[in-house]
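A.B. asks: Once you've had a glance at the structure underneath, I'll fire off some questions.
In my numbering, the protein residues as written are 4 to 255.
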C-alpha cells in the first residue's frame with residue numbers, strides 16, 4: 004500500500020492477509036494514495052518464530068505480538084512523518100476545532116491531553132488530533148485524526164465521528180495539567196510565550212528551528228494563550244467551550 008503526506012511517499016507492506024483489517028484501520032483520511040512506483044520509506048510487518056516483526060526506516064526491527072503490533076507500527080509511521088514531512092511542523096498537542104477555529108493543547112505523553120481532547124469532542128468540538136498538531140507556514144493546523152488513545156486499562160481507542168478534514172487557524176492555546184480539586188481558572192500569557200510552549204513540544208525544533216519558529220509564530224499570531232491547572236476533563240471542556248462561545252459558534 005503506497006501513500007503520501009506532505010511530500011513524503013511511504014509504503015506499508017505485509018504478507019499475512021489476516022492483518023488486512025487491522026492495518027487498514029491505521030490509515031488516516033488525510034493521507035493520499037500514491038501512484039508513484041517508488042517510496043522513500045517502507046514499513047514492513049512479517050511473521051517470524053510465532054511473533055510479528057515491525058521493520059521501519061531509521062529504527063531497529065521490533066519483535067512484538069499480534070495484540071500490540073499495530074500501536075508499535077503506528078508510532079513509527081507517525082514519528083517518521085513528523086521528522087520528514089515538508090513545509091510543516093508536528094507539535095505534540097491535542098487539537099480540536101470550534102466554529103472553524105482550532106484549540107491547541109500542547110503536552111507530552113501522559114499529560115492528559117488525549118483525555119481533555121476527548122472531552123472537548125464529546126462536548127461538541129470537531130476532532131483534529133490527540134497527539135500531533137500539524138502546522139504549516141501560514142499558521143494553519145491540519146487534521147491528523149488518528150483514533151484517540153485513552154490511558155485506561157486495556158488502552159481503549161476512540162474514533163470520533165465529527166472529524167476535521169480542512170486546515171484552520173488557531174483561536175486558543177491551552178497549557179494545562181490535571182490537578183485534583185482544581186477548577187480551570189487560567190492566566191492569560193503572551194503570544195510569544197505560547198510560541199515557546201509549542202516550540203518545546205515540536206518534533207523538529209532542533210533539526211529545523213527556522214521553519215519551526217516561522218510556523219509557530221504564524222500559528223499564535225491571533226491566538227489567546229491560557230495557562231493553569233485543571234480539574235476533571237469533562238468540566239474543563241465545558242468551561243473552555245463556554246469561554247470561547249462568545250466568539251465561536253458551536254456547530255449544529
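Each residue gets a CB set at the ideal place from its N, CA and C atoms; glycine is no exception.
1. Out of 67, 41, 226, state which residue places its alpha-carbon closest to the alpha-carbon of residue 3.
2. Expressed to the nearest angstrom, what Euclidean distance is found between the alpha-carbon atoms of residue 39 and residue 183?
3. Does DSSP classify residue 10 as helix, strand or coil?
4. Since residue 241 is in the alpha helix (DSSP H), which residue starts that stretch and which ends it?
5. Per DSSP, what are the beta-bridge partners of residue 257 in this structure?
6. If we count the other Cβ atoms within 10 Å of its Cβ and call it buried at 16 or more, is residue 170 buried or exposed?
7. Roughly how many angstroms lie between the CA atoms of residue 113 and residue 48, to the nearest whole one?
8. With the cut-off set at 8 Å, would you say residue 177 and residue 243 are in Cβ contact?
9. Between which two residues does the alpha helix (DSSP H) containing residue 74 stretch?
10. Judging by CA-CA distance, which residue of 207, 203, 227 is the nearest neighbour of residue 191?
11. Any contact of the segment 130-146 with the segment 95-112, i.e. 3+ C-beta pairs under 8 Å?
12. If I measure Cβ to Cβ from residue 186 and keep anything under 7 Å in the same chain, skipping five residues before and after, which residues do I get?
13. Buried or exposed: which applies to residue 213, given that a residue is buried once 16 or more other Cβ atoms fall within 10 Å of its Cβ?
14. Using 10 angstroms around the beta-carbon of residue 174, count the other beta-carbons present and answer buried if the total reaches 16, otherwise exposed.
15. Between the Cα of residue 197 and those of 221, 119, 207, 149, spot the shortest distance and give me the residue it belongs to.
16. Assign residue 95 to one of three DSSP states: helix, strand, or coil.
17. If we call anything under 8 Å between Cβ atoms a contact, is residue 85 one with residue 135?
18. Should residue 36 go down as buried or exposed, given a rule of 16 or more other Cβ atoms within 10 Å for buried?
C.D. replies: For this structure:
1. Nothing can be reported for residue 3: it is not among the residues displayed for the chain, which extend from 4 to 255.
2. 52 Å
3. coil
4. 236-247
5. The structure shown does not extend to residue 257, since the chain spans only 4 to 255, so no value can be given for it.
6. buried
7. 28 Å
8. yes
9. Residue 74 -> alpha helix (DSSP H) spans 72-87.
10. Checked all of 207, 203, 227; the closest Cα to residue 191 is 227.
11. yes
12. 234
13. exposed
14. buried
15. 221
16. strand
17. yes
18. exposed
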